[in-house]
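Presented below is the structure to which this report refers.
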């Protein structure tokens, strides 16, 4: 089949909902493009690598079956799903924790001093929050079942990542970030989405997940796997054998008439994903404007290519 290419187009991002986890690899910035490439009529939207969830938050379906191998991110999803009728109570608990640890919260006008902002123009939130964040991190490591503290570690942590050391302790350093209006709105929108939709979360590797569910003709699967050639912390456990297995899985699903789409990185920093390059020859391929690409840097723009591949005939 001839590969069909669509050039990237600028989209209005004002209606895009952002995940309240601001999670690494999140597709928030890509959803204005991706949502136009997804099928219009979806019975059940299925996502084997859900991550933070901006993709499902911006996809219309009758129901949602979502999975991730990371137990911590699924615990966060399930926690806030279970709070769907208690937004005000949960946000007050979050504000109480922020106040207890003396973390910044521009939404409540708890901000670094003018002197600190002038002395550390690019890192004043990190400077302000550092000691408080370490105290929060230590308290969480003493009780790892405290989901709200984990959520605040994710919000205030470097690059909004979840990272544990070999001893099982959360060890991410503080980031130059703040609990602001954007975080509040994202959490409010997320909980409202949970309240208005039929959603189930799984915590399995994607193969066991797919074998655990029934997939119907009107369903749609969106795959956003770890990117083989990106070299990020999030993708370090993903390798060539898993990449090959994934493409075989997609081919098997295609042979059964199952609709799917996948995003992946074709070129990045001089590397080429040859497995992806071979796989995409048989399916419709769309180049997308990517958060891996700096449009002010022609070198990076030419060297990084993110694609969306699908077996759906539009």
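In the UniProt record's numbering, the protein residues as written are 1 to 314.
The beta carbon of each residue, even a glycine, is placed where N, CA and C say it ideally should be.
N-terminal and C-terminal residue of the alpha helix (DSSP H) that residue i is part of
{"i": "residue 119", "result": "114–119"}
{"i": "residue 77", "result": "71–81"}
{"i": "residue 259", "result": "Premise fails: residue 259 lies in the beta strand (DSSP E), 259–268, not in any alpha helix (DSSP H)."}
{"i": "residue 308", "result": "Counting along the chain, residue 308 falls outside any alpha helix (DSSP H), though it belongs to the beta strand (DSSP E) covering 305–310."}
{"i": "residue 35", "result": "31–37"}
{"i": "residue 132", "result": "124–142"}
{"i": "residue 249", "result": "240–255"}
{"i": "residue 18", "result": "No alpha helix (DSSP H) contains residue 18, which DSSP labels as neither H nor E."}
{"i": "residue 179", "result": "Careful: residue 179 lies outside any alpha helix (DSSP H) and carries neither H nor E."}
{"i": "residue 316", "result": "There is simply no residue 316 to check, as the chain begins at 1 and stops at 314 in what is shown."}
{"i": "residue 206", "result": "206–212"}
{"i": "residue 57", "result": "54–57"}
Cβ neighbour criterion (16 or more within 10 Å) applied to residue i
{"i": "residue 312", "result": "exposed"}
{"i": "residue 333", "result": "The displayed coordinates of the chain run from 1 to 314. Any statement about residue 333 would go beyond what the structure contains."}
{"i": "residue 219", "result": "buried"}
{"i": "residue 290", "result": "buried"}
{"i": "residue 82", "result": "exposed"}
{"i": "residue 278", "result": "exposed"}
{"i": "residue 71", "result": "exposed"}
{"i": "residue 118", "result": "exposed"}
{"i": "residue 211", "result": "exposed"}
{"i": "residue 308", "result": "buried"}
{"i": "residue 252", "result": "exposed"}
Nonlocal neighbours in the same chain, by C-beta distance under 6 Å from residue i, ignoring five residues either side
{"i": "residue 52", "result": "19, 21, 23 and 26"}
{"i": "residue 201", "result": "66, 74, 77 and 78"}
{"i": "residue 165", "result": "171"}
{"i": "residue 186", "result": "18 and 20"}
Segment limits, beta strand (DSSP E) that includes residue i
{"i": "residue 284", "result": "284–288"}
{"i": "residue 47", "result": "44–47"}
{"i": "residue 63", "result": "63–67"}
{"i": "residue 221", "result": "220–223"}
{"i": "residue 201", "result": "199–202"}
Opposing strand residues paired with residue i [DSSP bridges]
{"i": "residue 174", "result": "157"}
{"i": "residue 272", "result": "267"}
{"i": "residue 164", "result": "170"}
{"i": "residue 110", "result": "105"}
Residues near residue i by beta carbon distance below 7 Å, same chain, minus five either side
{"i": "residue 139", "result": "149"}
{"i": "residue 129", "result": "103, 104, 156 and 174"}
{"i": "residue 84", "result": "191, 194 and 195"}
{"i": "residue 273", "result": "228, 229, 264, 265 and 266"}
{"i": "residue 111", "result": "104"}
Close beta carbons around residue i, own chain, < 8 Å, minus the five adjacent residues each side
{"i": "residue 275", "result": "228, 240, 243, 244 and 247"}
{"i": "residue 106", "result": "178, 179, 180 and 181"}
Chain B within 7 Å of residue i, Cβ atoms only
{"i": "residue 183", "result": "Within the model displayed, chain B is absent; a lone protein chain is all it includes."}
Do the segment 85–92 and the segment 46–66 touch if we need at least three Cβ pairs shorter than 8 Å? no
Report yes or no: do three or more beta-carbon pairs, one from the segment 121–128 and one from the segment 169–177, lie closer than 8 Å? yes
Within the chosen definition, does the segment 165–173 reach the segment 143–157 through at least 3 CB pairs nearer than 8 Å? yes
Do three or more CB pairs link the segment 95–104 to the segment 195–211 at distances below 8 Å? no
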